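Take 1 as the starting number for the sequence shown in this note's numbering and just add one per residue.
Just so you know, even glycine gets a beta-carbon here, dropped at the ideal spot from N, CA and C.
Quick caveat: nothing in here was measured; it's all calculated off a predicted structure.
Read the structure below first, then the notes.
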Amino acid sequence: MAYQMTGLTKGLLLIIGLGLVGSIGWNFVLKDKLKDGGITVAGHTLGGGNSNATDSSAAPAGGGTTAPARAAAPAGGKLGSAGNPLKVSLVSFHGYAPALVANGNSLTTKPGSIYAKLGLNVEFVINDDIPTLTTLFEAKTAQCAWRTSDFWAQEQPNLRNSGHDGKGVMLVDNTQGGDAVIARDGSIQKIEDLAGKSVALLQYTPSHGMLIDAIDNASLTARQKKQIKPVFIKPEEGTAGVRAAFTAGNVDAAVLWDPDLSLALRETKGAHVVYSTKTATNLIYDMMVCDQRELAKPDNEAVFQAFVDGWMEGVTAARANPDNAVKALVETEEFFKLLGAKEGAPFIKSLFANLLWTDLADNARILGLAGGVNHYERVYARFDQIYRGEGSLANPKSPVIPPQDSFDLRFIKKALQRNTQAQAEAVKPTETFTEKGQAAALATPAQVTKPVSVNFASGSFELSKKAQQVIDHEMVPFIENNGSAYFEVGGNTDSVGSAAANQSLSLARAKAVADYLEKQWEVPRARLKVAGYGASRPLCDETRPEAADMTLDACRALNRSTRLAVFSK
């Protein structure tokens with residue numbers, strides 16, 4: 001994908017040094033602009049309905065409502081005690097509502113709260129300017145901080161370069177519809193339709209990574225991928241700036257996350273979702289990362305165990321009483337107080353439907369502790385690859401960190417050992433697929449179609465070992481990303497040979513691929529429709545391969561691909 005580093009981004013790289021370029025990222029601009037008219041917080045106007053209105057004149061990189069990182073208080077006892085609470089850096093985001101519920105609807109632990117009953121004192125600090133982990137850990141202003149799995153894949157190498165390190169201790173939410181590629185033009189129905197179109201987004205954020213991943217997997221030639229026109233909005237304008245560009249019609253499409261995603265869809269005539277984490281359910285995770293120095297101290301093990309246990313109990317409580325979760329956000333965070341006043345509590349509550357607060361069973365499943373795929377490690381590795389390719393690491397020569405070195409599983413494992421109900425829930429399928437559901441899904445346009453070169457011997461539909469390895473490494477991760485999707489396995493040929501023979505052979509080859517996915521990877525057959533298209537759906541014009549910057553042999557090879565089309569439920 002032809003994303004180039006902008007001058008602004010290069011400047012940021014120079015300024016922050018070992019800090020994280022991606023710190024423009026996830027949720028830090030939630031308080032920038034809400035809607036027409038604006039609201040003032042700490043001297044900065046929150047607007048957003050007027051696409052020409054921005055407010056970056058006096059705000060720091062993350063906006064103007066953030067409490068600055070404070071110097072560490074004098075030690076007042078053991079970590080987690082009243083005099084020395086466990087400090088956790090957060091941003092204003094509804095995914096963290098369970099933590100506030102666990103703390104008694106408070107940033108500091110209240111008597112009678114879940115954390116108080118566990119004997120732990122926690123202080124949540126709202127840092128919407130997103131200080132780097134190096135800054136937090138060196139100053140000891142926080143022992144733990146939020147990150148997303150992709151954000152963490154960018155920052156951990158930088159953290160190690162600074163002489164520090166951290167580990168994830170739990171996953172706290174999983175976006176399932178809260179990030180999306182959206183368009184206003186009805187002709188844009190799938191990722192492939194973005195060729196030649198402009199797309200507004202924030203660079204080096206989870207949504208950016210999602211877009212890169214989708215385009216990398218799309219049925220587009222290299223030239224078509226270069227024709228996609230990214231419009232990187234200034235970091236200080238944030239998601240509000242992305243939304244403003246979209247609603248004003250200055251771009252054809254945008255990549256957004258909630259609440260600006262929901263607002264943009266509501267405010268813009270014809271706006272619709274092209275591809276989202278409602279389909280790519282196993283792609284973006286929020287997590288808590290803690291200072292490795294503190295994690296390594298034996299006396300602190302019980303502290304972090306209580307931190308994890310309390311948050312998991314908070315998830316249960318928030319799910320049982322979402323109205324109280326809204327109340328916790330409104331009572332503790334200025335942004336949600338203002339958002340509630342402007343849009344109403346029901347709007348805040350509606351945002352909960354686009355993500356999953358991950359409980360103990362969800363952690364076990366996502367982390368592979370229930371016998372399945374470790375989705376977290378797969379995503380960490382994939383985004384490390386994506387962002388190294390995009391040049392987002394402060395030090396491009398930073399060594400690759402094995403995903404298993406990025407997460408401390410002790411606390412989730414221990415909690416799981418004593419919770420048989422969570423163990424049972426973790427092994428249950430999270431999605432149900434039926435023939436009826438397949439028919440309904442395939443009645444809509446495919447959101448993205450991945451071409452895979454599964455090679456067969458001439459005239460054969462038998463899978464070779466090499467072909468099986470291609471399926472394992474190129475198809476299966478794509479299926480795992482799109483956890484709620486149905487798929488069409490489409491066989492295709494080049495134009496050589498008769499149409500009847502090509503159609504029959506392509507169908508047999510598609511069936512061979514689907515059989516392998518079912519038998520070797522336990523993909524439910526109800527998720528897979530098999531189709532043979534022969535030479536009727538070329539991705540490259542074999543009469544003019546040069547138009548796609550390809551040789552005739554390469555053009556024909558692309559057309560012979562087995563294609564995996566993604567359909568949303």
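Worksheet item: Taking all protein chains shown into account, do 16 or more other C-beta atoms lie within 10 angstroms of the C-beta of Val400, making it buried, or fewer, making it exposed?
Response: exposed
Worksheet entry | Three-state class that DSSP yields for Leu30 in the structure shown | Note that Leu30 scores a pLDDT of 39, beneath 50, so its modelled location is shaky; the value from the coordinates is reported in the next line. In this structure, Leu30 counts as coil in the three-state DSSP scheme.
Worksheet item: Mind checking Pro545: buried by the 16 CB within 10 Å criterion, or exposed?
Response: buried
Fill in: Rounded Cβ spacing between Thr358 and Asn217 (contact assumed at less than 8 angstroms)
Not quite, the Cβ-Cβ distance comes to about 25 angstroms (not below 8 angstroms), so this is no contact.
Discussion item. What ranges does the alpha helix (DSSP H) occupy inside the stretch 492-555, keeping only unbroken runs of at least 4 residues that lie completely in it?
Written reply: 499-521
Practice prompt. Would you mind stating whether Pro98 and Gly314 have Cβ atoms separated by less than 7 angstroms?
Written response: Cβ distance < 7 angstroms, so Pro98 and Gly314 count as in contact.
Discussion item. Let me confirm a value: Gln421 is counted as buried when at least 16 other C-beta atoms fall within 10 Å, else exposed. Which label applies?
Written reply: Only exposed fits Gln421, as fewer than 16 other CB atoms lie within 10 angstroms of its CB.
Worksheet entry | Host beta strand (DSSP E) of Val566 (start-end) | 562-567
Discussion item. I'd like to know if the stretch 281-301 and the stretch 455-471 are in contact, where contact means that at least 3 CB-CB pairs between them fall below 8 angstroms.
Written reply: no
Worksheet item: Which residues in the same chain as Phe124 place their Cβ atom closer than 6 angstroms to its Cβ, once the five residues preceding and following it in sequence are excluded?
Response: Val88, Leu90, Leu107
Practice prompt. Mind reading off the beta-carbon distance from Leu118 to Asp309? Whole number of angstroms is fine, and I expect it under 8 angstroms.
Written response: 6 angstroms
Worksheet entry | Leu263 versus Phe246: straight-line alpha-carbon distance, rounded | 11 angstroms
Worksheet item: Does the Cβ of Lys110 have 16 or more other Cβ atoms within 10 Å, making it buried, or fewer, making it exposed?
Response: exposed
Item to complete: Determine the direct distance from the alpha carbon of Gln305 to that of Asp299, and round the result to whole angstroms.
Response: 11 angstroms
Worksheet item: Where does Thr543 land, buried or exposed, given buried means 16+ other C-beta within 10 angstroms?
Response: exposed
Practice prompt. Using three-state DSSP, classify Ala557 as helix, strand or coil.
Written response: helix
Discussion item. Determine whether the beta carbon atoms of Val251 and Val231 lie at a separation below 7 angstroms.
Written reply: Yes, Cβ-Cβ distance for Val251 and Val231 is below 7 angstroms.
Discussion item. To the nearest angstrom, how far is the alpha carbon of Trp152 from that of Phe383?
Written reply: 9 angstroms
Discussion item. So for Asp577, helix, strand or coil by DSSP?
Written reply: One cannot answer for residue 577 here, as it falls past the ends of the chain, which runs 1 to 569.
Worksheet item: Which of helix, strand or coil does DSSP assign to Asn84?
Response: strand
Worksheet item: Exposed or buried, what is Gly43 when buried is set at 16 or more other beta-carbons lying within 10 Å of its beta-carbon?
Response: Caution is warranted here: a pLDDT of 24 is assigned to Gly43, below 50, making its placement in the model unreliable, and the coordinate value is therefore given only provisionally. The residue in question, Gly43, is exposed, as its Cβ has fewer than 16 Cβ neighbours within 10 Å.
Worksheet entry | Assigned secondary structure, Ser89 (DSSP; H/G/I helix, E/B strand, else coil) | Here DSSP, grouped into helix, strand and coil, assigns Ser89 to strand.
Discussion item. Can you list, in chain order, the residues of its chain with a C-beta nearer than 8 angstroms to that of Ala67? Leave out the 5 residues immediately preceding and following it.
Written reply: Unreliable positioning characterises Ala67 in this predicted model, as indicated by a pLDDT of 42, which lies under 50. A coordinate reading is not provided.
Worksheet item: Within this structure, are the beta carbons of Asp454 and Val476 separated by less than 7 angstroms?
Response: Sequence inspection shows Val at residue 454; the Asp mentioned does not correspond to that position. Note that the C-beta distance between Val454 and Val476 is not below 7 angstroms.
Worksheet item: Expressed to the nearest angstrom, what Euclidean distance is found between the alpha-carbon atoms of Glu77 and Asn482?
Response: The sequence shown places Gly at residue 77, not Glu. Taking the straight line joining both Cα atoms gives about 47 angstroms.
Worksheet item: Relative to the C-alpha of Val169, which residue among Gly437, Ala240, Glu301 is closest?
Response: Checking every option, the nearest Cα to that of Val169 belongs to Glu301.
Practice prompt. Compute the Euclidean distance between the alpha carbons of Ala565 and Pro322, then round it to the nearest angstrom.
Written response: 36 angstroms
Worksheet item: Going by the beta-carbon positions, is the gap between Ala514 and Leu505 smaller than 7 angstroms?
Response: No, Cβ-Cβ distance for Ala514 and Leu505 is not below 7 angstroms.
Worksheet item: Opposite Glu123 in the DSSP bridges: which residues?
Response: Beta-bridge annotation (DSSP): Glu123 is paired with Lys87, Thr108.
Discussion item. Quick check on the DSSP output: the alpha helix (DSSP H) that includes Thr239 runs from which residue to which?
Written reply: 238-247
Worksheet item: Three-state secondary structure (DSSP) at Phe232?
Response: Reduced to three states, the DSSP call for Phe232 is strand.
Worksheet item: Helix, strand or coil for Tyr204 per DSSP?
Response: coil
Item to complete: Specify, as a first and last residue, the run of the alpha helix (DSSP H) that Asn158 falls within.
Response: 149-161
Worksheet item: What span of residues does the beta strand (DSSP E) with Pro451 cover, start to end?
Response: 448-452
Discussion item. Looking only at its chain, what residues have a beta carbon closer than 7 angstroms to the beta carbon of Val523, apart from the 5 residues adjacent to it on each side?
Written reply: Ile479, Leu517
Discussion item. For a test of the three-state rule: what should DSSP assign to Phe336, helix, strand or coil?
Written reply: Assigned with DSSP and collapsed to three states, Phe336 falls in helix.
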